[in-house]
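Sequential numbering of the sequence shown, starting at 1, is according to full-length UniProt numbering. Using N, Cα and C, we set each Cβ at its ideal position, and we do this for glycine too. Taking it in order: structure first as structure tokens, then the write-up.
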Amino acid sequence: MAPREKTMPPLLTRFVSPPPLSLRDGDAAQRPPRGEPGPTGSGRSARDFRREPEQEPEGAGRGGCRCPGTGGSGGAGTMLSESSSFMKGVLLGGIFCVVVTLLGHVKIGHGTRGHHHEHHHIQAPNKEEVLNLSEDERLELSQSIRIYCIILVKPKDISHWAAVKDTWSKHCDKAEFYSSENVKVFNAVVLNTNDMWTMMRKAYKITYEHYKDEFNWFFLAYPTTFAIIENLKYFLLKKDPAQPFYIGHTMKSGDLEYVDGEGGIVLSIESLRRLSHIFEDSDKCPEQGGMIWKLSEDKQLAVCLKYTGVIAENAEDSEGKDVFNTKSVNALIKEAMASQPEQVVDGCCSDMAITFNGLSPNHMHVMMYGVYRLRPYGHTYSDALVFLPPAGSDND
Numbered sequence: 001m002a003p004r005e006k007t008m009p010p011l012l013t014r015f016v017s018p019p020p021l022s023l024r025d026g027d028a029a030q031r032p033p034r035g036e037p038g039p040t041g042s043g044r045s046a047r048d049f050r051r052e053p054e055q056e057p058e059g060a061g062r063g064g065c066r067c068p069g070t071g072g073s074g075g076a077g078t079m080l081s082e083s084s085s086f087m088k089g090v091l092l093g094g095i096f097c098v099v100v101t102l103l104g105h106v107k108i109g110h111g112t113r114g115h116h117h118e119h120h121h122i123q124a125p126n127k128e129e130v131l132n133l134s135e136d137e138r139l140e141l142s143q144s145i146r147i148y149c150i151i152l153v154k155p156k157d158i159s160h161w162a163a164v165k166d167t168w169s170k171h172c173d174k175a176e177f178y179s180s181e182n183v184k185v186f187n188a189v190v191l192n193t194n195d196m197w198t199m200m201r202k203a204y205k206i207t208y209e210h211y212k213d214e215f216n217w218f219f220l221a222y223p224t225t226f227a228i229i230e231n232l233k234y235f236l237l238k239k240d241p242a243q244p245f246y247i248g249h250t251m252k253s254g255d256l257e258y259v260d261g262e263g264g265i266v267l268s269i270e271s272l273r274r275l276s277h278i279f280e281d282s283d284k285c286p287e288q289g290g291m292i293w294k295l296s297e298d299k300q301l302a303v304c305l306k307y308t309g310v311i312a313e314n315a316e317d318s319e320g321k322d323v324f325n326t327k328s329v330n331a332l333i334k335e336a337m338a339s340q341p342e343q344v345v346d347g348c349c350s351d352m353a354i355t356f357n358g359l360s361p362n363h364m365h366v367m368m369y370g371v372y373r374l375r376p377y378g379h380t381y382s383d384a385l386v387f388l389p390p391a392g393s394d395n396d
């Protein structure tokens, strides 16, 4: 009897060639008109944005273990051959399914300057427009912008925690530290969790419940971030907090556009209101990430906001330079020296930069001196008193 031809059993067809996943509907759609609520989402689970696993199990790409051959015409040999073929097919089909799924989620770039054309842009007001306002108009606008600062910390961040507390956070209208656990030396809102997404979620929920009627803008930062709050207020000067703003340094991961947490995240009161509502829907905005593919907290935030019609917007100055930076001044200057050695200052950063990240505690104090104390003799600043820091800031 001739050897039986090994064929893939019909059962395997359901393991092979799954339909490609789409991370969002209507990618080409523009932002919903101001004042109109966005769509409530496509009904997909947040699991659609799962992260690529770090490493494939050894040998998986080869169909698993190789079974011994079973030649001859005996019934037992034929059964073993069919069983071996079936198991190989199941394993290969399963691997193929996983690979096709992951291909839809491979990270595409990091949203660098060369890719900003892919993002939604939002710019600071023109300086001349602001200077043309009367003193009373500027004062009224500046007083209408109230910023609540959220700083997420853990005990290991104690030195950065102290530096942020003594420096830029004093310029927020109110700043509070949200800690993973109780730390005796500093006051903080204790969240009793070490998971960053759960910390962020709880912090936003508490913030909305306690401060929705007191502040209209909400700035979240990590302890390694340095922020110039006056520049943030200038950026927000003519923006309506009743509209759904979600602002910062945008990045892309597959089809998901999000604000990188390392540069700081700004939400308007309307965005925070929508976020607090979507928190109640565990299918669209789960309290915890997936067991295998877990999104970072800033990506998970973008997923939840997207279901409410709020999209990430890259913040830039009037020249198109980023104002939320995910790197330190030192790193940005080194990059400028390599790419534009004749224009290091102009090529480095915006003169209206709002944040820098990756600073040491000592560097934060140096930044405070440079931003708020150091002045060249003979220069005057017509906008020096537009945004008065809160009483007790000690740094103006």
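(request) Note down the Cα distance separating L220 from K156, rounded to an integer number of angstroms. (result) Start at 1 with the first residue of the sequence shown, and residue 220 comes out as number 220. Start at 1 with the first residue of the sequence shown, and residue 156 comes out as number 156. Cα to Cα, L220 sits roughly 19 Å from K156.
(message) At 3 residues or longer, what runs of the beta strand (DSSP E) sit wholly inside the segment 154-239?
(response) 174-179, 217-221, 225-227
(request) Using beta-carbon positions only, say whether F226 and M352 come within less than 8 Å of one another. (result) As a first step, residue 226 is located in the sequence shown; it is residue number 226 there, counting from the start. As a first step, residue 352 is located in the sequence shown; it is residue number 352 there, counting from the start. Cβ distance not < 8 Å, so F226 and M352 don't count as in contact.
(request) Taking only the alpha-carbon atoms, compute the straight-line gap between G320 and K184 and give it to the nearest angstrom. (result) Taking the first residue of the sequence shown as 1, we reach residue 320 at position 320. Taking the first residue of the sequence shown as 1, we reach residue 184 at position 184. Rounded to the nearest whole angstrom, the CA to CA distance from G320 to K184 is 44 Å.
(request) Please state whether DSSP places G263 in a helix, a strand or coil. (result) One-based indexing of the sequence shown puts residue 263 at position 263. In this structure, G263 counts as helix in the three-state DSSP scheme.
(request) Please report how far the alpha carbon of I151 lies from the alpha carbon of N330, in whole angstroms. (result) Counted from its first residue, the sequence shown places residue 151 at position 151. Counted from its first residue, the sequence shown places residue 330 at position 330. When rounded, the distance between both Cα atoms is 23 Å.
(message) With a threshold of 8 Å, are at least 3 pairs of Cβ atoms found where one atom belongs to the segment 240-247 and the other to the segment 267-276?
(response) yes
(request) Along the beta strand (DSSP E) that carries M251, what are the first and last residues, could you check? (result) Mapped onto the sequence shown, residue 251 falls at position 251. 250-253 is the span of the beta strand (DSSP E), which, as asked, contains M251.
(request) Pick out whichever of D317, E297, E262 has its Cα sitting closest to the Cα of N325. (result) Taking the sequence shown and counting its residues from 1, the one referred to as residue 325 is at position 325. The residue with the shortest Cα to Cα distance from N325 is E262.
(message) Could you check whether N194 and A179 sit closer than 8 Å to each other, using their CB atoms as the reference points?
(response) Counting from 1 along the sequence shown, the entry for residue 179 is found at position 179. Counting from 1 along the sequence shown, the entry for residue 194 is found at position 194. The question names Ala, but residue 179 is Ser in the sequence shown. Going by C-beta atoms, S179 is not nearer than 8 Å to N194.
(message) Helix, strand or coil, according to DSSP, for I151 in the structure here?
(response) Counting from 1 along the sequence shown, the entry for residue 151 is found at position 151. Three-state result, I151: strand.
(message) Using a Cβ-Cβ cutoff of less than 6 Å, which residues in the same chain neighbour I333 once the five nearest sequence positions on both sides are dropped?
(response) To locate residue 333, count along the sequence shown from 1; it is residue 333. Excluding sequence neighbours, I333 sits near C348.
(message) Looking at the secondary structure, which residues open and close the beta strand (DSSP E) in which N314 lies?
(response) Locating residue 314 in the sequence shown gives position 314, where the first residue counts as 1. Start and end: 313-316.
(request) Please classify L374: is it buried, with 16 or more other beta-carbons within 10 angstroms of its beta-carbon, or exposed? (result) On the sequence shown, residue 374 is found 374 positions in, with the first residue counted as 1. Looking at its Cβ environment, which holds fewer than 16 other Cβ atoms inside 10 Å, L374 is exposed.
(message) Which of the three DSSP states is assigned to Q300 in this structure?
(response) Against the sequence shown, residue 300 aligns to sequence position 300. Q300 falls in the helix class under three-state DSSP.
(request) Quick one: grab the DSSP three-state call for Y307. (result) Taking the sequence shown and counting its residues from 1, one reaches residue 307 at position 307. Three-state result, Y307: coil.
(request) Closer than 6 Å by C-beta to L141: which residues in its own chain qualify, once you throw out the five before and the five after it? Chain order, please. (result) Here residue 141 refers to the residue found at position 141 of the sequence shown. Excluding sequence neighbours, L141 sits near L237.
(message) Please identify the residue among M199, E230, Y246, Y369 whose C-alpha is closest to the C-alpha of T355.
(response) As a first step, residue 355 must be located in the sequence shown, where it is residue number 355. Put simply, of M199, E230, Y246, Y369 the residue whose alpha carbon is nearest the alpha carbon of T355 is E230.
(request) Using the DSSP secondary-structure output, state which residues sit across from T355 in a beta bridge. (result) Indexing the sequence shown from 1 puts residue 355 at position 355. According to DSSP, T355 shares a beta bridge with A227, F324.
(message) Is T250 close to the ligand SAM? I mean its beta-carbon at under 7 Å from any heavy atom of the ligand.
(response) The ligand SAM is not part of this structure, which contains no ligands at all.
(request) Kindly indicate the opening and closing residues of the beta strand (DSSP E) around I278. (result) Counted from its first residue, the sequence shown places residue 278 at position 278. Premise fails: I278 lies in the alpha helix (DSSP H), 269-278, not in any beta strand (DSSP E).
(request) Please list, in chain order, all residues of the same chain as W161 whose beta carbon is under 7 Å from its beta carbon, the five residues on each side excluded. (result) Counted from its first residue, the sequence shown places residue 161 at position 161. These residues qualify, in order along the chain: V153, F177, F186, P223.
(message) Short of 7 Å in beta carbon distance, which residues of its chain neighbour S45, apart from the five on each side in sequence? Order them along the chain.
(response) Working through the sequence shown from its first residue, we reach residue 45 at position 45. Legend: pLDDT at S45 = 42, less than 50; position of this residue unreliable, value from coordinates given subsequently. These residues qualify, in order along the chain: D283.
(request) Work out the CA separation of N126 and R31 for me, nearest whole Å. (result) As a position in the sequence shown, residue 31 is number 31, starting the count at 1. As a position in the sequence shown, residue 126 is number 126, starting the count at 1. Residue placement at R31 cannot be trusted, given a pLDDT of 44 that sits under 50; the coordinates are not used to answer.
(message) Let me check understanding here. Comparing Cα to Cα, which of P361, L295, A315 lies closest to M196?
(response) Taking the first residue of the sequence shown as position 1, residue 196 is located at position 196. When only C-alpha atoms are compared, the closest one is L295.
(request) Taking only the alpha-carbon atoms, compute the straight-line gap between H171 and F218 and give it to the nearest angstrom. (result) Along the sequence shown, one-based indexing puts residue 171 at 171. Along the sequence shown, one-based indexing puts residue 218 at 218. When rounded, the distance between both Cα atoms is 13 Å.
(request) Report the three-state DSSP secondary structure of E137 (helix, strand or coil). (result) For the purposes of this step, residue 137 is taken as the residue at position 137 of the sequence shown. Collapsing the DSSP output to three states places E137 in a helix.
(request) Keeping to the same chain, check which residues put their C-beta closer than 6 Å to that of P361; ignore five residues upstream and five downstream. (result) Taking the sequence shown and counting its residues from 1, one reaches residue 361 at position 361. Contacts found: S159, H160, A163.
(request) Would you give the residue range spanned by the beta strand (DSSP E) that H121 belongs to? (result) Counting from one through the sequence shown, the residue named residue 121 turns up at place 121. Residue range 121-123 is occupied by the beta strand (DSSP E) that includes H121.
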